[in-house]
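Residue numbers for the sequence shown, in my numbering: 12 to 310. For glycine and all other residues, C-beta sits at the position ideal for the given N, C-alpha and C. Predicted, not measured: the structure shown is a model, and the values here were computed from it. This report concerns only the one structure given below.
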Amino acid sequence: MKATPPAPDPTIRMESIPLPARDGYPLIAQRYLAPGPAKGNLIVAGATGVQQRFYRRFAEYAACQGFNVLTLDYRGIGQSKPASLKGFAMSYLDWASLDLAAAVDLLRQEPLPLYWVGHSFGGHAIGLLPNHEAIAACYSLGCGAGWSGWMSKTEALKVRLLWTLVLPPIVAWKGYMAWSLLGMGDDLPLDVYRQWRRWCTYPHYYFDDPAMAHVAELYAQVRTPCLFATSVDDPWSPPRSRDAFVKSYRNAPLTRLDLRPPAGGKPLGHMGYFRDSSQPLWDDILHWLLSHGPAPVAP
Numbered sequence: 012m013k014a015t016p017p018a019p020d021p022t023i024r025m026e027s028i029p030l031p032a033r034d035g036y037p038l039i040a041q042r043y044l045a046p047g048p049a050k051g052n053l054i055v056a057g058a059t060g061v062q063q064r065f066y067r068r069f070a071e072y073a074a075c076q077g078f079n080v081l082t083l084d085y086r087g088i089g090q091s092k093p094a095s096l097k098g099f100a101m102s103y104l105d106w107a108s109l110d111l112a113a114a115v116d117l118l119r120q121e122p123l124p125l126y127w128v129g130h131s132f133g134g135h136a137i138g139l140l141p142n143h144e145a146i147a148a149c150y151s152l153g154c155g156a157g158w159s160g161w162m163s164k165t166e167a168l169k170v171r172l173l174w175t176l177v178l179p180p181i182v183a184w185k186g187y188m189a190w191s192l193l194g195m196g197d198d199l200p201l202d203v204y205r206q207w208r209r210w211c212t213y214p215h216y217y218f219d220d221p222a223m224a225h226v227a228e229l230y231a232q233v234r235t236p237c238l239f240a241t242s243v244d245d246p247w248s249p250p251r252s253r254d255a256f257v258k259s260y261r262n263a264p265l266t267r268l269d270l271r272p273p274a275g276g277k278p279l280g281h282m283g284y285f286r287d288s289s290q291p292l293w294d295d296i297l298h299w300l301l302s303h304g305p306a307p308v309a310p
């Protein structure tokens, strides 16, 4: 998931803040503050191996539209990584149950509606949050089940080669998933690599893993309105991969949306949702969140 960070917008005030996770792990987050009265708080929950700085342009845009936006680097990623990933122990699910949960804990204390925009893993994370009831509405992009069988034949071959031939020797050599060597994203802890690789062998991700039987009930508890959008040209999370995963949100008001790149425009793929060319999509996201959140209070 190679990501190029955008240049900052000097008109938006940004604060770098320490964010202790629920277990005390020190995370670094960024807050982008609306220049006037805020319509709500917004958490941007990023994808696996993508640093928070990639979402800066979207965060600045949302701030200009009246949202106070929070992004964060999960433990082991970006500004929240330890001195060395070798020997760093964690569960992939910590990013949701401990890291993102702490972001929800922080913002739910403020007298504003709390909204969620998820990218890939950020759409998975909603069902893993112990405090998801605090979120008014969720809009996720590029969220899928990870199984290569849902992908095109060409992409499936690439992914299988990545998991079986390319990554294992790199991981054995470095002691962690040195994804940056391939130019595909931030390096990942060993435990994340092992769990991710295992779950991607199942058509319905960890819902098919016998060791993860408890997860289905967690997702069944979600009642928050959720929209899951994916582009038809997303190589990793095409619509049928999304559908295989999001059916786990069986008790939530759920909307599925297939996106199509504009004619003659740039492809969306798996990362284009948050590039500058997707500003019309950003307008749709923010409008949908507001329309599915609490009714505004009359002055």
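key: Same chain only: Cβ atoms within 6 Å of Gly-186, ignoring 5 sequence neighbours per side   = Lys-97
inquiry  = Tell me the residue span of the alpha helix (DSSP H) that contains Glu-166.
reply    = 164-172
request  = Give the straight-line distance between the Cα atoms of Gly-47 and Ser-27, rounded to the nearest whole angstrom.
outcome  = 20 Å
ask   = At what residue ranges does the region 83-147 contain a whole run of the alpha helix (DSSP H), taking only runs of 4 or more?
value = 112-118, 132-135
request  = May I ask you to list the residues that DSSP assigns as paired with Tyr-284?
outcome  = Beta-bridge partners of Tyr-284 (DSSP): none assigned.
request  = Rounded to whole angstroms, what's the CA-CA distance from Tyr-43 to Leu-104? Just pull it up for me.
outcome  = 26 Å
ask   = In three-state terms, what does DSSP make of Gly-57?
value = coil
query = Can you tell me whether DSSP reads Cys-211 as helix, strand or coil?
reply = coil
ask   = Roughly how many angstroms separate the alpha carbons of Leu-176 and Gly-280, rounded to a whole number?
value = 24 Å
message = Using a 10 Å radius around the Cβ and a threshold of 16 neighbouring Cβ atoms, would you call Pro-16 buried or exposed?
response = Unreliable positioning characterises Pro-16 in this predicted model, as indicated by a pLDDT of 47, which lies under 50. The coordinate reading is nonetheless provided below. Pro-16 should be labelled exposed.
ask   = Going along the chain, which residues of its own chain have a beta-carbon closer than 7 Å to the beta-carbon of Leu-192, five neighbours each way excluded?
value = Ile-181
ask   = Does the pairing of the region 84-96 with the region 206-222 give three or more beta-carbon distances under 8 Å?
value = no
task = Sort Met-282, Gly-304, Gly-138 by Cα distance to Asn-262 and report the nearest one.
result = Gly-138
inquiry  = Would Asp-269 pass as an interface residue toward chain C - the criterion being a Cβ-Cβ separation below 9 Å?
reply    = Looking for chain C here will not work: only one protein chain is present.
key: Range of the contiguous beta strand (DSSP E) that encloses Tyr-43   = Tyr-43 -> beta strand (DSSP E) spans 37-44.
ask   = Looking only at DSSP bridge pairs, what is Gly-51 linked to?
value = Phe-78
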